[in-house]
Amino acid sequence: NQVISAILFLYRNVLHIELDQTDLGFIRPKRSKRVPTVLSKDEAKTIIQNLTSPYKLMVQIMYGAGLRLMECLRLRIKDIDFENHRILVYDGKGGDDRQTPLPDSIIPTLREHLAKTRAIHQKDLAHGRGSVHMPFALAKKFPNAHTSWIWQYVFPASTFITDKEDGIMRRHHIHETALQRAIKQAATLSKIQKRVTPHTFRHSFATHLLQNGYDIRTVQELLGHKDVKTTMIYTHVLQRGGLAVKSPLDG
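Sequence positions in the sequence shown follow this note's numbering and run 2 to 252.
Shown next, in the form of structure tokens:
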């Protein structure tokens with residue numbers, strides 16, 4: 002790709018000749034397919050048990066619902082639908098919305114967590130704070146929503162930050178590095194001999210669904226993949242491709 006970029010620069014900026022990049026497509030190297038790291042169910046449970054609050058609940062949501070790191074961190078109260086046992090993911094990767102299952106096993110813990118979070122929010126309001134960052138369009142449409150309970154983050158930070166745009170002190174969501182660090186420490190404590198990141202739990206979610214017999218299209222929808230080819234990578238993990246085919250010589 003660097004060589005091709007250099008050729009394009011030469012023609013455009015030195016020779017002043019415009020090249021059609023599609024003509025160069027045949028010599029562009031194809032991106033290598035990397036098989037994602039996937040935990041076994043026991044490994045995932047062990048790491049989760051070695052996490053402390055609130056990181057334990059966050060990882061349970063990522064693993065149990067297939068959320069990306071930032072999708073989990075940006076969850077707001079309104080996104081949790083207890084009645085229908087689902088999590089609503091708005092403006093995910095690619096700007097699309099989707100819904101994914103809310104694990105029944107974490108509902109009591111999540112309700113308890115939200116009760117504590119609400120108490121913190123009410124205390125913030127009593128001290129003249131309690132404002133949360135709102136998307137520009139929504140902030141304009143609902144000017145008072147920034148202090149509403151339903152718009153608060155499910156996993157708020159323990160401290161306030163000053164918004165550079167308006168100077169208002171707000172409680173943002175927990176920073177991604179805090180969760181990444183917690184997962185790394187828990188994986189080390191669990192003696193897991195794999196590179197474990199937040200995204201590993203999303204990979205594991207998809208793989209374990211396929212292992213349980215769910216079809217690839219269902220998994221694609223839950224993950225929010227636009228192209229099923231992206232989801233197909235998990236069939237490599239399951240060895241449902243060439244390695245899973247039984248040789249005709251073996252009957």
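Where is the CB? At the ideal position from N, CA and C, for every residue including glycine.
Is the distance from the Cβ of His209 to the Cβ of Lys42 below 8 angstroms? The Cβ-Cβ distance between His209 and Lys42 falls below 8 angstroms.
Do the CB positions of Ile88 and Thr101 come within less than 8 angstroms of each other? Yes; because the gap between Cβ atoms is below 8 angstroms, this pair is in contact.
In terms of residue numbering, what span does the beta strand (DSSP E) encompassing Pro102 cover? Unbroken beta strand (DSSP E) run through Pro102: 99-102.
Nearest candidate by alpha-carbon position, reference Arg316, set Ile62, Gln123, Asp105, Thr231: Only positions 2 to 252 of the chain appear in this structure, which leaves residue 316 out of reach.
Does the beta-carbon distance from Arg35 to Gly225 come in below 8 angstroms? If you check the CB distance, Arg35 and Gly225 do not come in under 8 angstroms.
Taking all protein chains shown into account, do 16 or more other C-beta atoms lie within 10 angstroms of the C-beta of Val229, making it buried, or fewer, making it exposed? Burial call: exposed.
Own chain partners of Phe27 with C-beta closer than 8 angstroms, once the 5 adjacent residues on each side are dropped: Reliability of the predicted coordinates at Phe27 is poor, the pLDDT of 48 falling under 50, and the value obtained from them is presented with this limitation in mind. There are no such residues.
Around the Cβ of Pro109, are there at least 16 other Cβ atoms within 10 angstroms (buried) or fewer (exposed)? It is exposed - the Cβ of Pro109 has fewer than 16 other Cβ atoms within 10 Å.
So, helix, strand or coil for Pro109, using DSSP? DSSP places Pro109 in helix when its eight states are reduced to three.
Arg182, enclosing alpha helix (DSSP H) - first and last residue: DSSP places Arg182 in the uninterrupted alpha helix (DSSP H) bounded by 177-190.
So, helix, strand or coil for Val90, using DSSP? Reduced to three states, the DSSP call for Val90 is strand.
Opening and closing residue of the alpha helix (DSSP H) in which Pro199 lies: Unbroken alpha helix (DSSP H) run through Pro199: 199-212.
So what's Met170 in DSSP terms, helix, strand or just coil? Three-state DSSP puts Met170 in a strand.
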